[in-house]
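>
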């Protein structure tokens, strides 16, 4: 287990690294928390904060990268192409489309109690 001063030093270097990342694709916001609020609450508050920040921008794109995730340099291009594909398809223009992810959805965590998510039940057969 790390001593408090080691944790503090690691936290400060992580914040510095995140703030110094060069991002040439629009505004970059680094959300720094003072306490661990849990993964579910982190995602829910990110969406609330983003809604307030970008409410007037219909073309806003929010890319959340957690501190323990590595992504390909091509991921942003993939995300842009995927979004444009959805925007161009009338059958995909659903106001319920909230995000695009490479992670599989296993649980519906929007309401408690969490329940196993079954795509066929929610989306119908292909």
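In my numbering, the protein residues as written are 4 to 129.
Backbone N, C-alpha and C fix where the C-beta goes; we use that ideal spot for every residue, glycine too.
1. Have a look at residue 25 and residue 128 and give me their C-alpha separation to the nearest angstrom.
2. At a cut-off of 7 angstroms, is residue 46 close to the ligand SAH when judged by its beta-carbon and the heavy atoms of the ligand?
3. Quick check on DSSP: helix, strand or coil for residue 110?
4. Mind checking which residues open and close the alpha helix (DSSP H) that includes residue 68?
5. How would you write the range of the alpha helix (DSSP H) that residue 87 sits in, first residue to last?
6. Helix, strand or coil for residue 36, going by three-state DSSP, please let me know.
7. Does DSSP put residue 118 in a helix, in a strand, or in coil?
8. In three-state DSSP terms, what is residue 9?
Answer, in terms of the structure:
1. 43 angstroms
2. By its list of ligands, the structure shown contains no ligand whatsoever, and the ligand SAH lies outside what it can speak to.
3. strand
4. It is not in any alpha helix (DSSP H) - residue 68 carries neither H nor E in the DSSP assignment.
5. 78-91
6. coil
7. strand
8. helix
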